[in-house]
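Undergrad:
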Amino acid sequence: MKIIKADNYSELCRTAAKIIIEKVTHADKINLGLATGSTPIGLYCFLVDDHLRNHTSYHHVKTFNLDEYVGLHPVDRNSYHYYMREHLFHHLDLLPENIYLPNGISLDLDAECEQYESLIVNQGGIELQLLGLGRNGHIGFNEPGTSFQSKTHVVALDNSTRKANSRFFDSIEQVPQHAITMGMETIFSSKEILLLVSGEGKAGALQRLLEGEILEEFPASILKKHPNITVIADNAAIGSN
Ligand code: GLP
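Residue numbering for the sequence shown is 96 to 336, as defined by our numbering.
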């Protein structure tokens, strides 16, 4: 694992943005895997700012999001469809037909998972996958104990994850109980991974990632085996690591 240390959150985001802009600028076409949560928000601001200033084009980019809540309509303010539109998609020149997220309101969730997995494979796989890190080591919504061989699937969210994400909702009761997420193998199959870790709240998870064993109990640990992964962490997350 290559580790880049950033002084603070802003530098972390700027560093990640540079890597993505470089790839997007030099590729004829590229499939990006995108993440939600608080961590990538600053990075998305840098991408939007760069698009406005330097006219970096996203016409040749396809995006595939990691996950979506089950039961939230795309116009729901807490859905990841909404989040992505607000923070990124509305502001870039991505072609609407090149934007993919799991459909959390599908009437047949298992079929939706299979289709999403096939879609990624049929589109040639993901070149660069962006990831955040859950405090319990989850990536996407793959909670502790998820098989490293898993493909896109429906998960029951951990109470700790629902609690952590309840800050975006009016109350924890409103946080959905389930989500669709790319599986561990889906994520691991990406050619390159960029893992962003920010803030002291993530220090324990980062330490476990760097020093702990590779166990399904700590999903992110498998990333240590990935041939092309860069971790960008800020000082607060690195702490005394
Ligand atoms: C959420 C998302 C993940 C995200 C993680 C960390 O539950 N499903 O994709 O990376 O938790 O979120 P944050 O960046 O807000 O700490």
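Cβ coordinates follow ideal geometry from the N, Cα and C atoms, glycine included.
Fair warning: this is a prediction, and the values are worked out from it, not measured in the lab.
Please classify residue 191 as buried or exposed, where buried requires at least 16 other C-beta atoms within 10 Å of its C-beta.
TA: Stepping through the sequence shown from its first residue, residue 191 is reached at position 96. Label assigned to residue 191: exposed.
Undergrad: Helix, strand or coil, according to DSSP, for residue 324 in the structure here?
TA: Locating residue 324 in the sequence shown gives position 229, counting from the first residue. Note: residue 324 maps to strand in three-state DSSP.
Undergrad: For ligand 1, I want to know if residue 184 counts as a neighbour, meaning its beta carbon is within less than 6 Å of at least one of the ligand's heavy atoms.
TA: Position 89 of the sequence shown, counted from the first residue, corresponds to residue 184. Checking every heavy atom of ligand 1 against the Cβ of residue 184, none is found closer than 6 Å.
Undergrad: Does DSSP put residue 248 in a helix, a strand or coil?
TA: As a working note, residue 248 is residue 153 in the sequence shown. Residue 248 falls in the strand class under three-state DSSP.
Undergrad: Please state whether the Cβ-Cβ distance between residue 129 and residue 108 is less than 7 Å.
TA: Against the sequence shown, residue 129 aligns to sequence position 34. Against the sequence shown, residue 108 aligns to sequence position 13. Cβ atoms of residue 129 and residue 108: not closer than 7 Å.
Undergrad: I need the straight-line Cα distance from residue 275 to residue 236, nearest angstrom please.
TA: In the sequence shown, counting from the first residue as 1, residue 275 sits at position 180. In the sequence shown, counting from the first residue as 1, residue 236 sits at position 141. Roughly 8 Å separates the two Cα atoms.
Undergrad: Just to check my reading of the structure: residue 292 and residue 96 have Cβ atoms closer than 8 Å, yes? What is that Cβ distance to the nearest angstrom?
TA: Here residue 292 is taken as the residue at index 197 of the sequence shown, counted from 1. Here residue 96 is taken as the residue at index 1 of the sequence shown, counted from 1. With a Cβ gap of about 12 Å, residue 292 and residue 96 do not count as contacting.
Undergrad: Do you know how far the Cα of residue 238 is from the Cα of residue 116?
TA: Sequence index remark: in the sequence shown, residue 116 carries index 21 (1-based). Sequence index remark: in the sequence shown, residue 238 carries index 143 (1-based). Near 30 Å, if we compare the C-alpha coordinates of residue 238 and residue 116.
Undergrad: Does DSSP put residue 258 in a helix, a strand or coil?
TA: In the sequence shown, the residue the question calls residue 258 occupies position 163. Here residue 258 sits in helix by DSSP.
Undergrad: Quick check on residue 334: does DSSP put it in helix, strand or coil?
TA: Counted from its first residue, the sequence shown places residue 334 at position 239. Three-state DSSP puts residue 334 in coil, outside helix and strand.
Undergrad: When you compare only the Cα positions, how much space is there between residue 334 and residue 201?
TA: Within the sequence shown, numbered from 1, the residue matching residue 334 stands at position 239. Within the sequence shown, numbered from 1, the residue matching residue 201 stands at position 106. Looking at the two C-alpha atoms, the distance is approximately 42 Å.
Undergrad: For residue 240, count neighbouring C-beta atoms within 10 Å of its own C-beta (all shown protein chains included) and say buried if the count is 16 or more, exposed if not.
TA: Start at 1 with the first residue of the sequence shown, and residue 240 comes out as number 145. Under this definition residue 240 is an exposed residue.
Undergrad: Mind reading off the beta-carbon distance from residue 195 to residue 247? Whole number of angstroms is fine, and I expect it under 8 Å.
TA: Here residue 195 is taken as the residue at index 100 of the sequence shown, counted from 1. Here residue 247 is taken as the residue at index 152 of the sequence shown, counted from 1. With 8 Å as the limit, residue 195 and residue 247 do not qualify as a contact, their Cβ atoms being about 11 Å apart.
Undergrad: For the pair the segment 222-237 and the segment 304-318, tell me if three or more CB-CB distances fall below 8 Å.
TA: Contact between the segment 222-237 and the segment 304-318 is present, because at least three Cβ pairs lie under 8 Å.
Undergrad: Which word fits residue 322, buried or exposed, when buried means at least 16 other C-beta atoms lie within 10 angstroms of its C-beta?
TA: For this step, residue 322 is matched to residue 227 along the sequence shown. So residue 322 counts as exposed.
Undergrad: How many Å lie between residue 261 and residue 270 at the Cα?
TA: Along the sequence shown, read from residue 1 onward, the residue named residue 261 stands at position 166. Along the sequence shown, read from residue 1 onward, the residue named residue 270 stands at position 175. Between residue 261 and residue 270, the C-alpha separation is close to 6 Å.
Undergrad: I'd like to know if the segment 251-259 and the segment 152-160 are in contact, where contact means that at least 3 CB-CB pairs between them fall below 8 Å.
TA: No, the segment 251-259 does not touch the segment 152-160.
Undergrad: Quick one: complete alpha helix (DSSP H) runs, 4+ long, within the segment 154-213?
TA: Taking only runs of at least 4 residues, the alpha helix (DSSP H) segments lying wholly in the segment 154-213 are 175-182.
Undergrad: Quick check on residue 296: does DSSP put it in helix, strand or coil?
TA: What you label residue 296 is simply residue 201 of the sequence shown in a count that begins at 1. In the structure shown, residue 296 sits in a helix (DSSP, three-state: H, G or I).
Undergrad: Does at least one heavy atom of ligand 3 sit under 6 Å from the Cβ of residue 274?
TA: With respect to ligand 3, the structure shown offers nothing to examine, as its ligands consist of ligand 1.
Undergrad: Reducing DSSP to helix, strand and coil, say where residue 304 ends up.
TA: Along the sequence shown, read from residue 1 onward, the residue named residue 304 stands at position 209. The answer is helix: DSSP assigns residue 304 an H, G or I state.
Undergrad: Please return the same chain residues whose Cβ sits closer than 6 Å to the Cβ of residue 169, not counting the five positions on each side in sequence.
TA: Position 74 of the sequence shown, counting from 1, holds the residue named residue 169. Around residue 169: 176.
Undergrad: Alpha carbon to alpha carbon, what distance is there between residue 198 and residue 165?
TA: Here residue 165 refers to the residue found at position 70 when the sequence shown is read from its first residue. Here residue 198 refers to the residue found at position 103 when the sequence shown is read from its first residue. Those two C-alpha atoms are separated by around 8 Å.
Undergrad: Excluding the 5 residues preceding and the 5 following residue 304 in the sequence, name in chain order all residues of the same chain whose CB lies nearer than 6 Å to its CB.
TA: Mapped onto the sequence shown, residue 304 falls at position 209. Answer for residue 304: 315, listed in chain order.
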